[in-house]
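Here the structure is laid out as structure tokens; the discussion comes afterwards.
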Amino acid sequence: MADRVTSVEQLIAEKHSRLLHQGFHLWPGLKLGKPPALGDYRWTADLILSTWVQAETGQPPANGLEYRVGNSGGGFDVLDFKYLPRDRWLSDSAAITLSIPLNCRPYDRRIEIPVPFYGGGMSYGSISEQVMLSRARASQAWKTFTSTGEGGYPASLLPYKNYVITQVATGMFGVREETIQYAPIVELKYAQGAKPGLGGHLLGDKVTTTVATMRESLPWVSLFSPFPFHSVYSVEDHKKHVDWIKTINPEALISVKISTPTDIDMVAVGSYYAGAQIIHIDGGYGGTGAAPEIAKKTIAMPIEFAIPRVHRYLLQEGIRHEVVIMASGGIRTADDIAKAVALGADGAVLGTTELVALGCTRCGNCERGRGCPFGLTTTDPELSRLVESDWGAERLSNLNRSFQLQLCEILRRLGLSSIRDLVGRTDLLVYRGQAGAV
Amino acid sequence: MRRSTRRDSKQYVVGRKDPRGDSVRPTGAYRRYQLETCLAPEIVPFPNRTRVKVSKPGLGLHLLKELIQHRRNPKVAVSRPCIYGVFSGPLGGFAPRDCMCVGCLRCTTEHPEMVRVYHNPERQHLGDSYFTPDIVETIYYEARTGRIPVRGAGYRGPFGGEGWDGMWTDMSEIVRPTRDGIHGREVISTAVDLGQKPPFLIFNDEGGLVDATPRTLTVPIPVLFDAPPASLLSDQLVKILALAAQQAETFLILPVCALKRFALGGPHIIPLVGMDDRDALGQLRGRPPMIELDGWNEALVQAIRMCLPDTSICLRYDFLLKEELLKHLRSGIRVFHLVANYHGMGRDGQFVLDLIREVHKFFVESRCRDEVTLLGSGGIIAAEHVAKAIICGLDAVALDTALLAALQTGFSGECADRETSHFRLPKRLTVDWGVRRVTNLVASWRDQLLEVLGAMGLREVRRLRGEMGRAMFQKDLEREAFSGIEGYGR
Chain A
480 MADRVTSVEQ
490 LIAEKHSRLL
500 HQGFHLWPGL
510 KLGKPPALGD
520 YRWTADLILS
530 TWVQAETGQP
540 PANGLEYRVG
550 NSGGGFDVLD
560 FKYLPRDRWL
570 SDSAAITLSI
580 PLNCRPYDRR
590 IEIPVPFYGG
600 GMSYGSISEQ
610 VMLSRARASQ
620 AWKTFTSTGE
630 GGYPASLLPY
640 KNYVITQVAT
650 GMFGVREETI
660 QYAPIVELKY
670 AQGAKPGLGG
680 HLLGDKVTTT
690 VATMRESLPW
700 VSLFSPFPFH
710 SVYSVEDHKK
720 HVDWIKTINP
730 EALISVKIST
740 PTDIDMVAVG
750 SYYAGAQIIH
760 IDGGYGGTGA
770 APEIAKKTIA
780 MPIEFAIPRV
790 HRYLLQEGIR
800 HEVVIMASGG
810 IRTADDIAKA
820 VALGADGAVL
830 GTTELVALGC
840 TRCGNCERGR
850 GCPFGLTTTD
860 PELSRLVESD
870 WGAERLSNLN
880 RSFQLQLCEI
890 LRRLGLSSIR
900 DLVGRTDLLV
910 YRGQAGAV
Chain W
404 MRRSTRRDSK
414 QYVVGRKDPR
424 GDSVRPTGAY
434 RRYQLETCLA
444 PEIVPFPNRT
454 RVKVSKPGLG
464 LHLLKELIQH
474 RRNPKVAVSR
484 PCIYGVFSGP
494 LGGFAPRDCM
504 CVGCLRCTTE
514 HPEMVRVYHN
524 PERQHLGDSY
534 FTPDIVETIY
544 YEARTGRIPV
554 RGAGYRGPFG
564 GEGWDGMWTD
574 MSEIVRPTRD
584 GIHGREVIST
594 AVDLGQKPPF
604 LIFNDEGGLV
614 DATPRTLTVP
624 IPVLFDAPPA
634 SLLSDQLVKI
644 LALAAQQAET
654 FLILPVCALK
664 RFALGGPHII
674 PLVGMDDRDA
684 LGQLRGRPPM
694 IELDGWNEAL
704 VQAIRMCLPD
714 TSICLRYDFL
724 LKEELLKHLR
734 SGIRVFHLVA
744 NYHGMGRDGQ
754 FVLDLIREVH
764 KFFVESRCRD
774 EVTLLGSGGI
784 IAAEHVAKAI
794 ICGLDAVALD
804 TALLAALQTG
814 FSGECADRET
824 SHFRLPKRLT
834 VDWGVRRVTN
844 LVASWRDQLL
854 EVLGAMGLRE
864 VRRLRGEMGR
874 AMFQKDLERE
884 AFSGIEGYGR
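Same order as they appear, the protein sequences are chains A and W. For the first sequence, the numbering used here gives the first residue as 480, with consecutive numbering after it. For the second sequence, the numbering used here gives the first residue as 404, with consecutive numbering after it.
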């Protein structure tokens, strides 16, 4: 009887999964128009549909969908590139490299990723294990990284451990010696852009028995990841944390994830002096999990303003060449990645983009009831079945391929042979907004 | 009905009258400020965000195919794409239940040729051009539940914009108070003092204090209720606002004529006296803690000072000339209520945010900012506006249209002007429901203020006032970030 129940559930999941895949293919074709209620200012219907195309084909869409910018009226959406005249573009056969180092210090291990982006932290519990696996497999295929988020390290990720960043955040959920030892990079999360200064909150409905076991908590009880680290009040305290990590895993690179307050430049310098190799700045307009609306819209500055502030300050301090700046929080497209780099980042961290590639419509119901109706940000066993990890890994790999193509094309048109040459090149940007105003 | 009690930070109330009664608390005593909320569902049908349309022939055909394909598993055949129950009514997809739709679009993604989800055009009739449908919907949620609106998948609005939208607040990476404590264990005070605050103490020859007691009123939240438009003044509305003000331990500003008409009075009401209210003092019941004047009237000010020496005087202005402010300051006025229209525009077309900053700066430069209290109203229609208005220089805000929206008041056309706007109160309005809605709204906004304060690492809202260094403006940030970029500033 149990087998029969399981198989019926499996059949139901397969049926809906198949139908969803058909929809992800059909809608971007535009033969039926665009879904009337899809999209918002930041993620327009075009951006969502074009991300689905890229996840399916590995190419940017060629049917007129706008795949480069949204309609937010500011930030990346009002910036463009000042491309060279066509006759000065690099040739199609010119070698263009997108690889970036993740450690620019003279010590510790060298890690280089072939594309200037990796996956951001999304915890087990906030997303399903299948989605985590999809991300890990795609990261392995691309030799880049994905991050555990603050929710522990499912055993199924172990085969991919060389491509998984372990996040240590304020709740310390799922943080163990071995999960730190697995990781080539350990990310200390001080704050996150979507809810800066507010910590995290996993609603009780999503704390299933498995999630609770992973986080060493009680099932069905809401979990607060407090803010801030109760043991950090200074750069020295932060250094102490770095030292703890280094004691457990001397090989690990240290990434520090911070939000974007007014003194982001000072925070970045402090992180550098505490020994971090990567400063991960998370702007307010991203975020995949649930957050108070007031926090997303109001607290902390958008990433577009934070990147140049940090980049210039580190330059002034003479330490920019020793630290890697990764930007996240509202980076949706390959163009956004390139613009972030031109503003001063070394690379970008993607979160929402990956979920959109897996079928997210950005409906925002991640925390409602059973969680995401597409099986992404949920721990519901039935809904989780909608995403199969092989399918997910393929979609993410395709998206990476499309981004790789676009980034190479951008560099080619700018006459640059390496993404590293684009860092801080605001002279290659053009402002398309209203005359220097809001 | 589900009831919940929210625990709030400790509020110290020193030797003053309890606004809920006439008892005097002993000096140094404190109690935890609590605002009880309970679910208050809408009484006027509220258009759902989306509408679901299903092609009936298409659905019939689809069902037939499914039944044939999954004939051995009818459960699989009839399993529906919606997990929220839109197709779970007696007629399934033939009569979708729009009210259950959360706009996830899974149904239309699975069945692009059969199901369409549209934005509901009826929703566009909510509010007006300033009080947008999104804001109305947010206020409905807050007034219904008393909770903080939370959604997933990041921010989805415009990048920035004019007015409030072009401003962000700061956060701190490492300082307390912590978020796990701000709604309970740890103390964040949202109390503010209204009234005149002497810059220093004066002692007599014997070393005794001379007139040392400041005439301040402490409210546990930096939110007052402004007078509703005259066209809406009714027994029911006035009672709702008065009872909600009493429950929230704040003040309701009400025209003195309404006090007499509706036989209202008490320590939680601030009478608003118009220029033509010749017998205003005679109409008052009891001794109000503060009187608000709707314009300067020297004789009336003198009369109040003579008859009601313990009563603070507040002057209501529509952002007038600074020289006039100074004149009234010299006349001993220490509480100013700056009033913009319902769209936040001042008399000269400036937005309320800029006006507040100007007035605050003026008082700072006049070296008297700590002696005066600045209240503000007009255009403050979201929880974030309270925090932003205080950062710009207000001590407290007085809510107007936000309260009306919480009560599901209909807006007829553009409702910008205080005198001529047309609002419609719901016919089924009851006092009990109204009080719950307004109380819920205030509780939700206070909790959101706590979020902002917590993120900034501030333990009291008094310290937020005029903290311009903790604010970020789009114009400034853009200039800093983009000034070297071609095309910027042209």
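Yeah, the Cβ is synthetic: ideal placement off N, Cα and C, and Gly gets one too.
query, result
"Beta-carbon proximity check, I736(W) vs L718(W), cutoff 8 angstroms", "yes"
"Through-space distance from M570(W) to D906(A), alpha-carbon basis", "27 angstroms"
"Proximity to P484(W) [Cα-Cα], best of L499(A), G508(A), Y764(A) and S607(A)", "L499(A)"
"Beta-carbon neighbours of K478(W), restricted to chain A and to distances below 8 angstroms", "V487 and I491"
"Delimiting residues of the alpha helix (DSSP H) encompassing A808(W)", "T804 to A809"
"Residue range of the beta strand (DSSP E) that includes G813(W)", "G813 to S815"
"C-beta atoms of T831(A) and S607(A) nearer than 8 angstroms", "no"
"Rounded Cβ spacing between S734(A) and I804(A) (contact assumed at less than 8 angstroms)", "Wrong, their Cβ atoms sit about 11 angstroms apart, outside the cutoff."
"P625(W) CB to nearest heavy atom of the ligand NAP below 7 angstroms", "No copy of the ligand NAP occurs in the structure displayed, which carries no ligand at all."
"Opposing strand residues paired with L893(A) [DSSP bridges]", "Paired residue(s): none; L893(A) is not in a bridge."
"Secondary structure, beta strand (DSSP E): runs of 3+ residues fully inside the segment 491 to 564 of chain A", "558 to 560"
"Alpha-carbon spacing of L901(A) relative to N744(W), whole angstroms", "48 angstroms"
"T653(W) at chain A interface by Cβ criterion, 8 angstroms", "no"
"Rounded Cβ spacing between V626(W) and V845(W) (contact assumed at less than 8 angstroms)", "6 angstroms"
"Which residues DSSP lists as bridging D920(A), in chain order", "Since the first and last residues shown for chain A are 480 and 917, residue 920(A) lies out of range."
"Helix, strand or coil at V531(W) according to DSSP, with G and I counted as helix", "Per the sequence presented here, residue 531(W) reads as Asp, with Val not at that position. It is coil, neither helix nor strand."
"Chain-ordered neighbours of C507(W) on chain A, where CB pairs are closer than 7 angstroms", "T840, C842, N844 and P852"
"Range covered by the beta strand (DSSP E) that runs through Q646(A)", "V643 to V647"
"Minimum Cβ-Cβ distance from A648(W) to chain A less than 8 angstroms", "no"
"CB contact check: P540(A) to chain W, cutoff 8 angstroms", "no"
"Under 7 angstroms by beta carbon: chain W residues contacting S551(A)", "P561 and F562"
"Burial state of H709(A) (16 or more Cβ within 10 Å)", "exposed"
"Among G598(W), E727(W), L853(W) and C660(W), the one whose alpha carbon lies nearest that of D638(W)", "C660(W)"
"Distance between N700(W) and T593(W) (C-alpha atoms, nearest Å)", "33 angstroms"
"Where the beta strand (DSSP E) containing H361(W) begins and where it ends", "Residue 361(W) is absent from the structure shown; chain W starts at 404 and stops at 893."
"Separation of N550(A) from T523(A), as counted between CA atoms", "7 angstroms"
"Contiguous beta strand (DSSP E) assignments of at least 3 residues, all confined to the segment 719 to 804 of chain A", "732 to 737 and 757 to 761"
"Selection from E783(A), K776(A), S876(A) and L794(A) that minimises the alpha carbon distance to P561(W)", "K776(A)"
"Segment limits, beta strand (DSSP E) that includes W571(W)", "M570 to T572"
"Closer than 8 angstroms to chain A by CB, F490(W)", "no"
"Per-residue burial, I624(W) [other beta carbons within 10 Å of its own, 16 or more giving buried]", "buried"
"Rounded straight-line distance, which links the Cα of T530(A) to that of W506(A)", "12 angstroms"
"Proximal residues of chain W, C-beta to C-beta of S738(A) below 8 angstroms", "M574 and E576"
"Residues from the segment 756 to 776 of chain A in contact with chain W, defined by Cβ distance under 9 angstroms", "G763, Y764, G765, G766, T767, G768, A769, A770, P771, E772, I773, A774, K775 and K776"
"Rounded separation between R893(W) and Y562(A) - CA only", "20 angstroms"
"N- and C-terminal bounds of the alpha helix (DSSP H) containing L597(W)", "Looking at the DSSP string, L597(W) is not in any alpha helix (DSSP H); the run it does join, the beta strand (DSSP E), is V595 to G598."
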